[in-house]
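Quick note, my numbering runs 16 ahead of the 1-based positions in the sequence shown.
Glycine included, every Cβ here is placed at the ideal spot set by N, Cα and C.
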Amino acid sequence: MADFIGAVDQGTTSTRFMIFDHGGNEVAKHQLEHEQILPRSGWVEHDPVEIWERTNSVMQNALRNGGLSGTDLAAIGITNQRETTVVWDPRTGRPYYNAIVWQDTRTDAIAANLERSGRGDVIRRKAGLPPATYFSGGKIQWILENVDGVREAAEQGHAVFGNTDAWVLWNLTGGPDGGIHATDVTNASRTMLMNLETLDWDDELLGFFGIPRGMLPTINPSSHPEAFGTTRTSRPLRAAVPITGVLGDQHAATVGQVCFSPGEAKNTYGTGNFLVLNTGTELV
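Structure below.
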C-alpha cells in the first residue's frame, strides 16, 4: 500500500522534496540550491535545465533518505516560485532562454507602455493586476521580441511557456514524449493574462503582449485527481505516481496557514516579503 505523500517545492534559491505520512509528519526530505544568474543590473535568471536536474536529485535522495521507493507514494504535489518564466521547445525540451525570475526588472519599459496606452486599466479589471515587471506576461513578450527565432517558433507551435510549476510538471510526465503542458489557477493568475471571471486565458490581454495562445498551458484547478497526470516510470520516482495538486508558493503558504475565511491573511518573510489576503468571492 502507498502510505506517503510527496511535495516538490521549487523555490527561488533552491528545490526540495519532502515526504509525509498520513499523519502529516515529515519522514524524509532533500534540498539543493541552484545558481542565481545576474547578467546585468536588474536582471535575474535561472537555468531551467539545472532546476529540472535539481528536481530529479532531490526526489531521488529524499526517497533514499527515507528508505522508500516511488511505489510507496500515493500522490505528489508541486509548489513553486510564481511568475518566473520559462519558454522551451516541446519537441526537444530545450529552453530557448534562461528562466526570467520574478525579481527581474528588464520589462519596465513594457509595463510603462501599457500604462501610457491606457491598457493598464483593462489589465487591472480583467486580471486583477497592475502592469508591472513582476508578472509573466511582459517576460514572455521580452523573450518573443529579443531571443532569435522564438517568435517564429511560437507561431509554428514549437515554443511553449510555463512558470516553473509547468516546466517541472511537463518533465515529470514525459517531457517531449507526451508530457502534460498544464498549470493551475494560482500560477495563471500571476501572468496578467488570465481573466478572473472565466479562469481562462483572455484573448484581449494576450493581444496586448503579442503572445500566441498556443504557447500557453491548460489552466486546471489547483487540486485535481487526474488533470496533472502521473509521473513516468522512466523519470526520477521510477513509478507512476499521480500528481494531484499544483499551487503557487505564496498561495500554498496561505493554505498552509489555514487562511480559509475572508479577511484572514498571512505574511511570508523569505526571498521577498509576501502578504496574501483571503478576499472570499470578491474579485480585487
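- Assignment of Ala115 by DSSP, reduced to helix, strand and coil, places it in the strand class.
- Bounds of the alpha helix (DSSP H) holding Gly223 are 219 to 225.
- Shown here, Thr149 sits in coil according to DSSP, grouped into three states, outside any helix or strand.
- Taking a C-beta distance under 7 Å as the contact criterion, Leu48 and Thr29 do not qualify as a contact pair.
- Annotation for Ala256: Thr246, Thr247, Arg248, Thr249 place their beta carbon closer than 8 Å to its own, counting only its chain and skipping 5 residues before and after.
- Between the beta-carbon of Ser239 and that of Gly261 there is about 5 Å, and that keeps the pair under the 8 Å contact cut.
- By the Cβ neighbour-count rule, Leu54 is exposed, with fewer than 16 other Cβ atoms within 10 Å of its own.
- A residue is called buried once 16 or more other Cβ atoms fall within 10 Å of its Cβ, and Pro278, having fewer, is exposed.
- Going by DSSP, Asn187 is part of the alpha helix (DSSP H) stretching over 180 to 188.
- Assigned with DSSP and collapsed to three states, Val60 falls in coil, not helix or strand.
- Taken through DSSP and simplified to helix, strand or coil, Gln47 comes out as strand.
- Within the model, the alpha-carbon separation for Asn81 versus Gly93 is close to 19 Å.
- If you ignore the 5 residues before and after Phe151, its C-beta comes within less than 7 Å of the C-beta of Glu99, Leu145, Arg206, Thr207, Met208, all in its own chain and listed in chain order.
- When the five nearest sequence neighbours on each side are left out, the beta carbons in the same chain lying within less than 7 Å of the beta carbon of Leu215 are those of Val201, Ile235, in order along the chain.
- The C-alpha of Ala269 lies about 19 Å from the C-alpha of Gln119.
- When the beta-carbon positions are compared, Ile126 and Ile227 stay at least 7 Å from each other.
- DSSP lists Thr284 as the beta-bridge partner residues of Phe290.
- The region 132 to 139 makes no contact with the region 60 to 79; the number of CB pairs closer than 8 Å stays below 3.
- Along the region 237 to 276, the alpha helix (DSSP H) occurs as fully enclosed runs of 4 or more residues at 265 to 272, listed in sequence order.
- Here Val163 carries a coil assignment [DSSP, helix/strand/coil].
- Of the candidates Leu89, Gly153, Val102, Ser57, Leu89 places its Cα closest to the Cα of His38.
- In the three-state DSSP reduction, Ala170 falls in the helix class (H, G or I).
- With distances taken between CA atoms, Phe20 lies nearest to Asn41 out of Gln26, Gly27, Asn41.
- Taken atom to atom, the span from the alpha-carbon of Thr189 to that of Arg251 is near 8 Å.
- Between the alpha carbons of Thr95 and Phe244 lies a distance of about 13 Å.
- A straight-line Cα-Cα distance of about 9 Å links Ala143 and Leu221.
- Counting along the chain, Arg140 sits inside no beta strand (DSSP E); it lies in the alpha helix (DSSP H) bounded by residues 135 to 143.
- Between Met210 and Asp218, the beta carbon gap of about 7 Å places them in contact (Cβ cut-off 8 Å).
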